[in-house]
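Take 3 as the starting number for the sequence shown in the working numbering and just add one per residue.
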Amino acid sequence: MIGVIAAVALIITGLVLVLDRANDGTVDDPAALTMKVRVGGGEIEVRPYRVCDMFARGEGACTTDDGATADVSLGLEDTAEIEVADEVSSVTWTLQRFYADESVNSADKKEPGQAKTETIAGSASVNGERTPLGVVEVSTTVIGVDDSGEEIPYGITWSIVNDEGAARN
């Protein structure tokens with residue numbers, strides 16, 4: 003009987019270790035990690051516009067893809083929903099909002115498991131007036147695998163430009 007209990011315990015321990023290793027949070031290709039933006043019934047998949055090797059210094063530490071910036075059209079009364087990937091929601095991430103009036107710019111830090119989606123408004127109130135949203139950025143740090151197979155931290159930023167807000171500036 004003790005042998006059966008020990009065998010079951012070993013199997014359970016092995017299974018837990020395998021599942022833990024399979025779900026270790028490592029991202030194979032941080033540049034391929036996308037998020038979604040839902041606006042007016044449509045959905046846009048957004049690639050990172052900046053990925054930085056946090057251990058590298060100088061030129062080449064970051065790669066930037068300006069073509070990855072998502073363009074949306076949010077009027078003053080409109081909203082959009084941002085959905086980050088599981089790999090992002092399972093770590094600390096930050097959502098920054100930049101408005102035409104800089105006095106209402108904001109940053110919200112999300113703790114691991116706290117949120118996977120966030121609603122963003124097309125404007126904010128300043129002294130009874132609406133100031134348009136210009137840009138939203140989502141940033142996080144994940145563990146990725148470099149070209150030599152080493153696990154290293156990568157800083158990732160996604161960017162969304164509100165064409166309505168940019169047109170008013």
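Every residue gets a Cβ at the ideal spot worked out from N, C-alpha and C, and that includes glycine.
Using CA coordinates, which residue listed in T81, E131, S150, D73 is at the minimum distance from R49?
-> If you number the sequence shown from 1, residue 49 lands on position 47. Here the closest residue by C-alpha is D73.
Kindly indicate which three-state DSSP category E79 falls into: helix, strand or coil?
-> Sequence index remark: in the sequence shown, residue 79 carries index 77 (1-based). Residue state, collapsed to three classes: coil.
Opposing strand residues paired with G157 [DSSP bridges] = Residue mapping note: residue 157 aligns to position 155 of the sequence shown, counting from 1. DSSP output for G157 lists C54, T143 as bridge partner(s).
By DSSP, does A123 sit in helix, in strand, or in coil?
-> Taking the first residue of the sequence shown as 1, we reach residue 123 at position 121. Three-state result, A123: strand.
C54 and G157: beta carbons closer than 8 Å?
-> Residue mapping note: residue 54 aligns to position 52 of the sequence shown, counting from 1. Residue mapping note: residue 157 aligns to position 155 of the sequence shown, counting from 1. Yes.
Considering only C-alpha positions, which residue in the set D68, D80, A58 is nearest to G42?
-> The residue given as residue 42 occupies position 40 in the sequence shown. Comparing Cα-Cα distances from G42 to each of D68, D80, A58, the minimum goes to D80.
Starting from the C-beta of Y51, find all residues in its chain whose C-beta is less than 7 Å away, skip the five residues before and the five after it, and write them out in chain order.
-> Here residue 51 refers to the residue found at position 49 when the sequence shown is read from its first residue. By the criterion of a C-beta distance shorter than 7 Å, Y51 is surrounded in its chain by T66, D67, D68, A70, T71, T159, W160, S161, once the five residues flanking it on both sides are discounted.
Under 8 Å between the Cβ atoms of I84 and T119?
-> Counted from its first residue, the sequence shown places residue 84 at position 82. Counted from its first residue, the sequence shown places residue 119 at position 117. In contact: I84 and T119 (Cβ atoms closer than 8 Å).
Terminal residues of the continuous beta strand (DSSP E) containing D73?
-> In the sequence shown, residue 73 corresponds to position 71, counting from 1. From DSSP, the beta strand (DSSP E) with D73 extends over 72–74.
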